[in-house]
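Undergrad:
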Amino acid sequence: MTNEGPMRVLVTGAAGMLGSQVLLVVPDGIQVVGTDLTDGSGVEVAGVDLADPDAIATLFAKHGPFHGVIHTAAYTAVDKAEEDEALALRVNGDACGVLARRCAADGIPLVVVSTDFVFDGTASTPYSEDAQPNPVSAYGRTKLEGERQAFAAHPTGTRVVRTQWLYGPRGKHFPGTILNLAKDRDSLKVVDDQTGSPTSTLELAPALWDVLLKGESGIYHAACEESCTWHGFASALLELAGVEGVEVTPCSTDEFPRPARRPTYSVLECGRLAALRGAPLAPWRSALSTYLGS
Ligand SMILES: NC(=O)c1ccc[n+]([C@@H]2O[C@H](COP(=O)([O-])OP(=O)(O)OC[C@H]3O[C@@H](n4cnc5c(N)ncnc54)[C@H](OP(=O)(O)O)[C@@H]3O)[C@@H](O)[C@H]2O)c1
9 MTNEGPMRVL VTGAAGMLGS QVLLVVPDGI QVVGTDLTDG SGVEVAGVDL ADPDAIATLF
69 AKHGPFHGVI HTAAYTAVDK AEEDEALALR VNGDACGVLA RRCAADGIPL VVVSTDFVFD
129 GTASTPYSED AQPNPVSAYG RTKLEGERQA FAAHPTGTRV VRTQWLYGPR GKHFPGTILN
189 LAKDRDSLKV VDDQTGSPTS TLELAPALWD VLLKGESGIY HAACEESCTW HGFASALLEL
249 AGVEGVEVTP CSTDEFPRPA RRPTYSVLEC GRLAALRGAP LAPWRSALST YLGS
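For the sequence shown, position 153 matches number 161 in my numbering, and the numbering has no gaps at all.
1) Span of the beta strand (DSSP E) holding Tyr-228?
2) What is the DSSP secondary structure of Ala-54, reduced to helix, strand or coil?
3) Count the other CB atoms within 10 Å of the CB of Arg-193; is the residue buried (16 or more) or exposed (fewer)?
4) Once the 5 residues before and after Arg-285 are set aside, which same chain residues still bring their CB inside 7 Å of it?
5) Leaving out five residues on either side along the sequence, give the residues of the same chain with a beta carbon under 8 Å from the beta carbon of Ile-64.
6) If you compare alpha carbons, which of Ala-131, Glu-153, Gly-279 and Lys-222 is closest to Asn-100?
7) Given that a residue counts as buried once 16 or more other Cβ atoms are within 10 Å of its Cβ, and exposed if not, what is Glu-7?
8) Check Gln-29 in the structure and name its three-state DSSP category.
9) Using a Cβ-based criterion (distance less than 6 Å to any ligand heavy atom), does Thr-80 qualify as near ligand 1?
10) Going residue by residue through the segment 151-189, where are the continuous alpha helix (DSSP H) segments of at least 4 residues, counting only ones entirely within it?
11) Determine the direct distance from the alpha carbon of Phe-127 to that of Gln-140, and round the result to whole angstroms.
12) Jot down the residue ranges of each uninterrupted alpha helix (DSSP H) in the segment 245-292, minimum 4 residues, whole runs only, in chain order.
13) What first and last residue would you give for the alpha helix (DSSP H) that runs through Arg-110?
14) Measuring straight from C-alpha to C-alpha, what distance separates Asp-201 and Leu-45?
15) Can you list, in chain order, the residues of its chain whose CB lies under 7 Å from that of Ala-54, leaving out five sequence neighbours each side?
16) Quick one, which of Asp-138, Leu-210 and Lys-222 has its alpha-carbon nearest Ala-290's?
17) Decide if Pro-265 is buried, meaning its Cβ has at least 16 other Cβ atoms within 10 Å, or exposed.
18) Thinking His-79 and Val-121 are a contact (beta carbons under 8 Å), I'd like their distance in whole angstroms, please.
19) Figure out for me which residue from Pro-271, Gly-184, Ala-231 and Gly-72 has the closest Cα to the Cα of Thr-207.
20) For ligand 1, is there any heavy atom lying closer than 6 Å to the beta carbon of Leu-31?
21) Can you tell me the Cβ-Cβ gap for Gln-172 and Leu-276, rounded? I've got them flagged as a contact below 8 Å.
22) With a threshold of 7 Å between beta-carbons, can Asp-124 be considered close to chain B, or not?
23) Quick check on this structure: which residue in Pro-177, Ala-283 and Pro-73 has the alpha carbon closest to the alpha carbon of Ser-302?
24) Whole angstroms are fine: how far does the CA of Ser-243 sit from the CA of Gly-253?
25) Skipping 5 residues on each side, what residues in its chain have a beta carbon closer than 7 Å to that of Gly-37?
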């Protein structure tokens with residue numbers, strides 16, 4: 009990184025749920041360039057398809073130089089990826105390789121946002137950063153391939169940040185869906201046999217900046233502290249949002265078959281991030297309460 013002039017950082021997926029939040033918490037002294045397929049507030053360069061290596065080259069040539077990249081863009085349609093793994097692979101896998109080669113050539117750090125879906129979910133204790141991945145879905149395979157290509161191309165500058173169960177002020181997510189359903193219904197069935205940690209983008213976005221600016225290469229797990237099932241998440245959400253008169257009934261994954269398999273248990277052990285920042289992300293319930301009040 010250079011000490012001359014402001015530090016310029018490229019943020020991909022700038023119109024997305026996480027990327028848009030990353031743009032709202034840019035540390036002092038940093039100039040950010042947001043890019044996405046579509047336009048949105050904070051998206052300076054729209055229409056860049058990261059699955060196209062030439063588009064990435066043009067982006068760097070026209071809008072660089074950059075001193076760091078936070079890569080949040082991804083093919084995130086988990087069920088659709090089962091039918092179109094080739095496209096998901098180009099976006100989630102190959103684009104990481106292209107970005108990483110470019111970052112390696114420029115000698116700049118690259119933060120790649122990844123997922124708990126790289127794990128098979130058969131564990132019963134939290135997955136550490138060096139636990140063995142074994143994805144059980146097309147989405148998980150393509151995200152793991154992105155990690156692999158980034159590390160292969162840029163071993164000293166790549167920081168992979170795996171997160172899970174995201175929600176936040178922008179975009180479509182579980183709490184938004186549940187609160188909408190609760191307007192029209194007096195009972196909801198919610199899956200009670202998948203366990204993870206709901207993670208607010210309000211908590212995660214500042215952590216991504218810390219990983220970029222103070223972190224080292226390698227893998228960081230980044231999720232809110234403590235865990236629950238989707239049923240537990242929905243129940244806490246309605247309670248904290250003050251919604252009354254809606255019964256939340258637990259059900260099994262088998263009752264709601266989906267094209268892509270989900271890990272049954274995907275709690276992440278986030279010790280490396282906590283050591284970097286001096287504290288872990290907030291416990292999921294208090295992060296949820298902060299989000300509802302925001
Ligand atoms: N959501 C979760 O629960 C979760 C959990 C773990 C990890 N993650 C990871 O967190 C990151 C952010 O996820 P998110 O939930 O914020 O997803 P999101 O809202 O879908 O944002 C992703 C953004 O990437 C863009 N994009 C897709 N294909 C692209 C392409 N070919 N070129 C350029 N941009 C492209 C999308 O544009 P379009 O909308 O126009 O396609 C979207 O704006 C992703 O890496 C995801 O894998 C998410």
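Don't be surprised by glycine CBs; every beta carbon is placed ideally from N, CA and C. Everything numeric in this text was worked out from a predicted model, so none of it was measured.
TA: So, to answer that:
1) Segment 226-229, the beta strand (DSSP E) holding Tyr-228.
2) Note: Ala-54 maps to strand in three-state DSSP.
3) Using a 10 angstroms sphere on the CB of Arg-193, the tally of other CB atoms stays under 16, which defines it as exposed.
4) Cβ within range, chain order: Ala-215 and Asp-218.
5) Closer than 8 Å at the Cβ level, and outside the excluded window around Ile-64, lie Val-56, Leu-58, Ala-103, Val-106, Leu-107 and Arg-110.
6) Taking the Cα of Asn-100 as reference, the smallest distance to any Cα among Ala-131, Glu-153, Gly-279 and Lys-222 is reached at Glu-153.
7) This structure leaves residue 7 out entirely; the chain is present only between 9 and 302.
8) In the structure shown, Gln-29 sits in a helix (DSSP, three-state: H, G or I).
9) Using a cutoff of 6 Å, the CB of Thr-80 counts as near ligand 1, since one of the ligand's heavy atoms is closer than that.
10) List check, alpha helix (DSSP H) in window: nothing returned.
11) Approximately 7 Å between the Cα atoms of the pair.
12) Whole alpha helix (DSSP H) segments, 4+ residues: 279-285.
13) Unbroken alpha helix (DSSP H) run through Arg-110: 103-114.
14) Per the coordinates, the alpha-carbon of Asp-201 lies some 35 Å from the alpha-carbon of Leu-45.
15) Within the same chain, Ala-54 has close Cβ partners Asp-44, Thr-46 and Asp-47.
16) Of Asp-138, Leu-210 and Lys-222, the residue nearest in Cα terms is Leu-210.
17) When all chains shown are included, Pro-265 counts as exposed.
18) In this structure His-79 touches Val-121 by the C-beta definition: roughly 6 Å separates them, less than 8 Å.
19) Closest option to Thr-207, Cα to Cα, is Ala-231.
20) Placement of the Cβ of Leu-31 at a distance of 6 Å or more from every heavy atom of ligand 1 is found.
21) For a cut-off of 8 Å, the C-beta gap from Gln-172 to Leu-276 is around 6 Å, short enough to register as a contact.
22) Of the chains in the structure shown, none is chain B; there is only one protein chain.
23) Closest by alpha carbon: Pro-177.
24) Straight through space, the alpha carbons of Ser-243 and Gly-253 are spaced by roughly 12 Å.
25) Excluding five sequence positions before and after Gly-37, the CB atoms of its chain that fall closer than 7 Å to its own CB belong to Pro-14 and Met-15, given in chain order.
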